[in-house]
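Undergrad: The sequence shown begins at 1267 in my numbering and counts up one residue at a time. C-beta atoms are modelled at their ideal positions from N, C-alpha and C, and glycine is treated no differently. Got a structure here, written out as structure tokens. Questions coming.
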Amino acid sequence: RALAQSLANKDDWRDLYNPSNMRKALATDGSGTSKAAAAVYYDDMYVDFDACMRVTKRGGPLENCKVFISNEYQHSGLRDDGAIIFNKILG
């Protein structure tokens, strides 16, 4: 309990998501194809859908990321039906 309280009171955290580093990670090789893809679920209980959309929108730090959006799966979509999701992302 003391550790949780200490972490809650900590106020010198660095940025969790650095937009500049995100852009560098997805820099293309000139071919126009993205180096990354993501499966985003409307009803994901762990990842906020709107936050995902903010970072992947045009002008966002992950705008070159190919995004598969679905409400057919939850957070465990890749584990539950990975082959189908990868085919949709890569297809």
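Counting only the same chain and skipping the five closest in sequence on each side, list residues whose C-beta sits under 8 Å from that of Thr1322.
TA: Within the sequence shown, numbered from 1, the residue matching residue 1322 stands at position 56. Cβ neighbours of Thr1322 beyond the five flanking positions: Ala1304, Val1306, Leu1328, Glu1329, Cys1331 and Val1333.
Undergrad: Rounded to whole angstroms, what is the Cα-Cα separation between Asp1310 and Arg1320?
TA: Working through the sequence shown from its first residue, we reach residue 1310 at position 44. Working through the sequence shown from its first residue, we reach residue 1320 at position 54. Straight through space, the alpha carbons of Arg1320 and Asp1310 are spaced by roughly 16 Å.
Undergrad: In whole angstroms, what is the alpha-carbon distance linking Asp1281 and Arg1289?
TA: The residue given as residue 1281 occupies position 15 in the sequence shown. The residue given as residue 1289 occupies position 23 in the sequence shown. Looking at the two C-alpha atoms, the distance is approximately 15 Å.
Undergrad: Going by the beta-carbon positions, is the gap between Tyr1308 and Asn1337 smaller than 8 Å?
TA: Indexing the sequence shown from 1 puts residue 1308 at position 42. Indexing the sequence shown from 1 puts residue 1337 at position 71. Result yes, Cβ atoms of Tyr1308 and Asn1337 sit closer than 8 Å.
Undergrad: For Tyr1339, count neighbouring Cβ atoms within 10 angstroms of its own Cβ and tell me buried if that reaches 16, exposed if not.
TA: Here residue 1339 refers to the residue found at position 73 when the sequence shown is read from its first residue. Result: buried.
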